[in-house]
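Here the structure is laid out as structure tokens; the discussion comes afterwards.
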Amino acid sequence: MYVQAIQDQKPSGEGDVDAGGEKHTPAVVYKRYALSEEKSFKNLFFDEKPQLLQLLDSFMTRSGKFAIKGFPYKLGLLLHGPPGTGKTSLIKAVAQYTKRHIVTISLGKVKTNQELMNALFDLRFAVEGVDLPVNMTFEDIVFVMEDIDCAASVVMARDSKADAPKRQRKWYSTSSDKLNLSGLLNVLDGVIDCPGRIVIMTTNHPEKLDQALIRPGRVNKKLMLGYMNGGQIQNMLEYYFAMTFNAAQCTRLHALLEEAETIITPAAVEALCSEHDDIDAVLDAFARIGCVSPMAT
1 MYVQAIQDQK PSGEGDVDAG GEKHTPAVVY KRYALSEEKS FKNLFFDEKP
51 QLLQLLDSFM TRSGKFAIKG FPYKLGLLLH GPPGTGKTSL IKAVAQYTKR
101 HIVTISLGKV KTNQELMNAL FDLRFAVEGV DLPVNMTFED IVFVMEDIDC
151 AASVVMARDS KADAPKRQRK WYSTSSDKLN LSGLLNVLDG VIDCPGRIVI
201 MTTNHPEKLD QALIRPGRVN KKLMLGYMNG GQIQNMLEYY FAMTFNAAQC
251 TRLHALLEEA ETIITPAAVE ALCSEHDDID AVLDAFARIG CVSPMAT
């Protein structure tokens, strides 16, 4: 997993020099961390999981619509929902399933459109403590922009008339060209090809995002990750305890959920699984506390 680090920009005209003496645009500096393989689709429980897996399979094998000549061979996902509903866990599962590295792009750390373009197209990742940049291809990476509604104001919905002149700016013009929505849109869906690229964006508030950012073509699939229903809770408990619900437990679970005044997140159910030894103990906890309030990851 590669996480963008805060760095001082080099003066204009300076750059990295490779072994042959050739000057390149400075590589973005990242910190590298090992990614746990514990989170996978086996332990994620949401209604659209079969459809997402089918989409990923088609993308990886270039089958279905991705086999059609002219159909863009890139994948954009928008994950949205309240805190604690599994957005970050799903990103890890996608990376594990596709056998790719996660590269995080923090829009709050990106100052210009050119910096953003370098981050997503340069494919050379300078890692702290490593002498030479790590070279990868689009098919090695899942690019991630988490909490984009909090990271940068450029993604927020605009008044079309007030912002119309800004949309005509050249997004690639100079290194001092301040990051704007036009630059972000062109990086996601511009003239430069990026075959095999996966980009995942997350937000707690999709209604705040500019619709141009999440339109079809830039986003292939929008996934709402919400609070858990009875079937999802049952599947999670059966997975973690390696037990099958009996009829009495099924009846009790659904009765507890109907009586509960609060809602429950996947993070909350996982926390209860870690605190108790079997299904009945978790159901007892549900009964004592009247289900569980939402918990943030």
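Just so you know, full-length UniProt numbering puts 252 at position 252 of the sequence shown, and the rest follows in order with no gaps. Cβ coordinates follow ideal geometry from the N, Cα and C atoms, glycine included. Values in this document were obtained by computation on a predicted structure and should not be read as measured data.
For M224, the closest of Q51, N43 and S40 by C-alpha to C-alpha distance is Q51. Counting only the Cα atoms, A247 lies some 44 angstroms from Y33. Burial is judged here by how many other beta carbons sit within 10 angstroms of a residue's own beta carbon; R215 has fewer than 16 and is exposed. Secondary structure in the UniProt domain "AAA+ ATPase" (73-229): the alpha helix (DSSP H) runs of 4 residues or longer, each lying completely within the stretch, are 87-98, 113-121, 148-151, 160-163 and 181-189 in chain order. With respect to T112, I148 sits apart: the two C-beta atoms are not nearer than 7 angstroms. If you draw a straight line from the Cα of P195 to the Cα of P72, it comes to about 8 angstroms.
Measuring C-alpha to C-alpha distances from L179 to each of S36, Q114 and I91 identifies Q114 as the nearest. Burial of V269 is indicated by the presence of at least 16 other C-beta atoms within 10 angstroms of its C-beta.
The distance from the Cβ of D189 to that of G217 is about 6 angstroms, consistent with a contact at the 8 angstroms cut-off. Going by DSSP, Y2 is part of the beta strand (DSSP E) stretching over Y2 to Q4. In summary, G129 is exposed, with fewer than 16 beta-carbon neighbours lying within 10 Å of its beta-carbon over all protein chains present.
For R32, the three-state secondary structure derived from DSSP is strand.
Rounded to the nearest whole angstrom, the CA to CA distance from G86 to P266 is 7 angstroms. Shortest Cα-Cα distance from K74 to any of H276, D210 and D193 involves D193. Annotation for D284: the continuous alpha helix (DSSP H) segment containing it runs I279 to I289. Here R252 carries a helix assignment [DSSP, helix/strand/coil].
A contact between stretches requires three or more CB pairs, one per stretch, nearer than 8 angstroms, and the region 41-49 meets this requirement with the region 84-104. Here F143 is not near V94, since their CB atoms are 7 angstroms or more apart. By the Cβ neighbour-count rule, I91 is buried, with 16 or more other Cβ atoms within 10 Å of its own. Counting C-beta atoms within 10 angstroms of its own C-beta, I289 has fewer than 16 neighbours from the protein chains shown and is therefore classed as exposed. Taking T244 as the centre and dropping the five residues before and after it, the same chain places the C-beta of E238 closer than 8 angstroms to its C-beta, in chain order.
About 7 angstroms separates the CB atoms of K65 and S58; that is less than 8 angstroms, so the two are in contact.
Here A119 is buried. Its C-beta has 16 or more other C-beta atoms within 10 Å.
Cβ-Cβ distances below 7 angstroms link F241 to D278 and I279 in the same chain, with the five nearest sequence neighbours on each side left out; the list follows chain order.
The DSSP-derived three-state label of G64 is helix. With contacts defined as CB atoms closer than 7 angstroms, H101 and D140 qualify as a contacting pair. Under the criterion of beta carbons closer than 8 angstroms, M60 and T98 qualify as touching, at roughly 6 angstroms. Just measuring C-alpha positions, the residue of A271, G76 and D177 sitting nearest M201 is G76. Q4 and L55 have their C-alpha atoms roughly 28 angstroms apart. The Cβ atoms of M117 and V191 do not sit closer than 7 angstroms to each other. G226 and M236 have their C-alpha atoms roughly 15 angstroms apart.
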